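Just so you know, we're using the UniProt record's numbering here: the sequence shown kicks off at 1 and counts up by one.
Right, one structure below, let's go through it.
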Amino acid sequence: MIVATWNWLWEKHNQAKEMLRFFVQPNSSEMGSESTNPNTLSGSHNNGNGEGNRSFKPAQIIGLVLGPVLFILTILFFHPQGLPDAGNAVLACTLWIAVWWITEAVPIPVTSLLPIILFPLTGGLDVDTTTSSYGDDTIFLFMGGFMIALAMEKWNLHKRMALSIISVIGTNAERIVLGFMVATGFLSMWISNTATAMMMVPIGLAIIYQVSDQLKHEDSIDTSKENFGFGKALMLGIAYSASVGGIATLIGTPPNTALAGAISNMYGIELSFAEWMLFGVPIAWLFIFIIWFYLVKVSYPLKIKQLPGGRQVIQDEKKKLGSASFEEKWVLVVFVLAALSWISRSFVLTEINENINDAIIAMTAAVILFIIPSKNQKGDHLLDWDTAVKLPWGILLLFGGGLAIASGFSGSGLSEWIGNQLSVLEGVNIFIILLAVTAMVIFLTEVTSNTATANMMYPIMASLAVALGIHPYAVMVAAGVAASSAFMLPVATPPNAVVFGSGYLRIPDMAKAGVGLNIIGIVIVSLAIYYWLPVAWGIDLSEIPQIMQHN
1 MIVATWNWLW EKHNQAKEML RFFVQPNSSE MGSESTNPNT LSGSHNNGNG EGNRSFKPAQ
61 IIGLVLGPVL FILTILFFHP QGLPDAGNAV LACTLWIAVW WITEAVPIPV TSLLPIILFP
121 LTGGLDVDTT TSSYGDDTIF LFMGGFMIAL AMEKWNLHKR MALSIISVIG TNAERIVLGF
181 MVATGFLSMW ISNTATAMMM VPIGLAIIYQ VSDQLKHEDS IDTSKENFGF GKALMLGIAY
241 SASVGGIATL IGTPPNTALA GAISNMYGIE LSFAEWMLFG VPIAWLFIFI IWFYLVKVSY
301 PLKIKQLPGG RQVIQDEKKK LGSASFEEKW VLVVFVLAAL SWISRSFVLT EINENINDAI
361 IAMTAAVILF IIPSKNQKGD HLLDWDTAVK LPWGILLLFG GGLAIASGFS GSGLSEWIGN
421 QLSVLEGVNI FIILLAVTAM VIFLTEVTSN TATANMMYPI MASLAVALGI HPYAVMVAAG
481 VAASSAFMLP VATPPNAVVF GSGYLRIPDM AKAGVGLNII GIVIVSLAIY YWLPVAWGID
541 LSEIPQIMQH N
C-alpha cells in the first residue's frame, strides 16, 4: 500500500511537471500517440521494469538531506538582530521548501504541502492563515480556466481555431512559421502552454514531413533532421510562442496567476484580468513578432520561399475535423462569454454586483459547461467529470504553497527584515534593478521550475522594492514575466521540452537561438516595465503606495 501511494504521488508530480518543466528522452525522434503521455515526456522515475517503482537520483538524495539540514541550522544558529522568531521560522521553512522544489527530492505537490506542517509547528504562521492560502480565489480562477481549456480540447475546438488562423495568414515559408506562432500564442493565452505545444507539434511535423518529402531531390537544401532549418525554426517558433503567449493573460501561464495571488495575499489588492491584459497583451505579441523575425532572419534563415504541399496539409487537417459540431459551437460561446466577462468585469459587471470577481466568472463558465448536454453523444455534456478530473491538481497545490510562503513572509516580519538588509542598494537606478532581476530570473528558470522560482521570488522582490523605495509591482512583475521568458534549454519550459522531443532539435540548436532571445527578453521585459507598466496601470514606479509600505 505504501508503494502504491508513493507511486500515485509521483504521478501527481509528473502531472505538475507537465505544466512546469520536464525532461524528454533524447532519443525520441517521432511524435507518436505516446508522446503526449506525461510520464514519457517528463523523464519518469520509472526504473524500467514496468512496475512503476521509483528510485532517487543523486541530486534528489542530496536535496532530501540538505533541505532539513538547512532548516535545523537556521532554526538553531541564525538569529540576526531585528529578525523576529516567527521570521526566523518562516525563513528556515522556506529554505527547506526551496531546496526540495529545486531538486525535486519528493514530488512537487508534496513539497507544496510542507507549509501546512512546518509553519504552525515552528511558530512561523498559524494554521488557519496558512491553510487559507490553498483556497485563495486565484487558485479557483486557474481551476476554472483549466476546465474551459479541457472542454475545448475534448471537442477539438482548439485544433480548429489553430488551423483556421494558420490558413488565413498564408503558406509561404516565413508566413507559415508566423502562422503557427500566432495560432500557438493565441491558444496559449487561454489554455496551458504545454497542451498548446503538444497539440501544435504534430500538425507542424506533418507539414515538415510533407515539405521534406517534396524537397528530397533538391541538392541545395539539406532536409535531414539535423540540418533542416525550416524544421528547426518551426519547432522553436511553436515552443517560444507557447511560452510567451501565456504572458498575455492571468490564466495563460502559472507565474501570472501566482503573481496575482501573491499581490492579493500580501497587500489585499486584486489584480484584475482586464488590468493584466492591458499590460500583458501588447508585450506578449510584440515579443512573438520579434521572436519570429529573429528565428527566420537571424538564427535559421529560410532557404525555401514557398512550401510545396504546405497548404494541402492544412486543408487536409481541416477536412478531417469536418464541420463544426454543436458541442464545439457552444464551448466557443461559453469561452467567448467568459473572456468578455473577464475583460469587462471591472467596468461593467461590478456595476451590477460589486462582489463579482474573475474567479467567480471562471467557475460559472465551468459549471455551465457541466450543465449543457451534448447533442451528438447521448448522456454526455460539454464537460464531464472524467475529463475535468484530468486537471493538474499538483499545480493548484503548488500555487497554494507559494501563497502560503508569501503570507508567511508578510505575517512574520521576515519581509521587513529582508527589506532592511537590502537597503544598501538604495539609490541604484530602477532600470538597472529591472535588468538585474529579469536576467537573474530568466537564467535561473533555465534550470528550475518557472512557477516554483516565481513563487520563491515574489516575497523577496516585495521586500527589495520597499528597501529601494520603488513600487513593488516593478520588480514583482519583472520576476513573473521573466519566468516565462527562458529559451535556451529543453528543461527551461514545458513547450521547450515538447519540441525537443520532435527530433529536429539538439541542445546546441536551442541554445543557438535561445542565448540571443534571452538577452532580447531581458531588454524587452525591462523596457516594458519601465515605460509601459506605469502607463497601463497608472502607477509611479518611483513611489511606494501607502498600502504597500508594510508587507
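Glycine is no exception: its CB is placed at the ideal position from the N, C-alpha and C atoms.
All figures in this text were calculated on a predicted structure; none of them were measured in a lab.
Residues near residue i by beta carbon distance below 7 Å, same chain, minus five either side
i, result
"Thr453", "Val441, Leu444, Thr445, Ala483"
"Ile62", "Thr103"
"Gly204", "Phe180, Leu234, Met235, Ile238"
Beta-carbon proximity of residue i to residue j, cut-off 8 Å
i, j, result
"Leu541", "Ile470", "yes"
"Ala462", "Ser415", "yes"
"Leu115", "Thr138", "At residue 115 the sequence reads Pro, which differs from the Leu that was named. In this structure, Thr138 does not lie closer than 8 Å to Pro115 by Cβ."
"Val523", "Val201", "no"
"Leu262", "Leu121", "Reading the sequence as shown, one finds Ala at residue 262 and not Leu. The answer is no: Cβ separation not under 8 Å."
"Val466", "Leu533", "no"
"Ser412", "Asn265", "no"
"Val168", "Val296", "no"
"Leu70", "Trp100", "no"
"Arg345", "Phe289", "no"
"Ser323", "Trp155", "no"
"Tyr294", "Ile148", "no"
Rounded Cβ spacing between residue i and residue j (contact assumed at less than 8 Å)
i, j, result
"Phe405", "Asn455", "This sequence places Ile at residue 405; Phe is not what is there. Confirmed, about 7 Å."
"Ser341", "Leu349", "6 Å"
"Ile460", "Ile430", "17 Å between Cβ atoms; not a contact."
"Asn172", "Gly480", "The Cβ separation is near 36 Å, so there is no contact."
"Leu383", "Ala151", "4 Å"
Endpoints, the alpha helix (DSSP H) within which residue i is located
i, result
"His158", "157–169"
"Arg506", "Arg506 -> no alpha helix (DSSP H), and no H or E assigned at all."
"Asp386", "385–388"
"Met266", "254–267"
"Pro495", "494–500"
"Leu66", "58–77"
"Asn376", "Here Asn376 belongs to no alpha helix (DSSP H), and DSSP marks it neither H nor E."
"Thr138", "137–154"
"Asn450", "450–468"
"Leu435", "430–445"
"Met277", "273–294"
Close-in-space but distant-in-sequence residues of the same chain around residue i (CB under 6 Å, 5 per side omitted)
i, result
"Ala59", "Thr103"
"Met548", "Tyr267, Pro472"
"Ser241", "Met181, Thr184, Gly185, Ile288"
Alpha-carbon to alpha-carbon, residue j and residue i
i, j, result
"Thr451", "Ala388", "22 Å"
"Val428", "Pro254", "30 Å"
"Trp393", "Phe142", "11 Å"
"residue 559", "Gly145", "Outside the shown range of the chain (1 to 551) lies residue 559, about which nothing can therefore be said."
"Ile539", "Phe186", "28 Å"
"Gln546", "Ala439", "29 Å"
"Ile356", "Ala365", "13 Å"
"Ile72", "Ala92", "7 Å"
"Gly229", "Phe180", "16 Å"
"Ala206", "Phe140", "37 Å"
"Lys378", "Ala339", "29 Å"
"Pro495", "Ile238", "8 Å"
"Ile368", "Lys329", "14 Å"
"Phe347", "Val313", "44 Å"
"Lys232", "Leu505", "6 Å"
"Lys318", "Leu64", "50 Å"
"Ser133", "Gly401", "7 Å"
"Lys305", "Glu174", "7 Å"
"Ile544", "Leu278", "21 Å"
"Val244", "Pro282", "11 Å"
"Tyr531", "Lys375", "50 Å"
"Asp126", "Val90", "11 Å"
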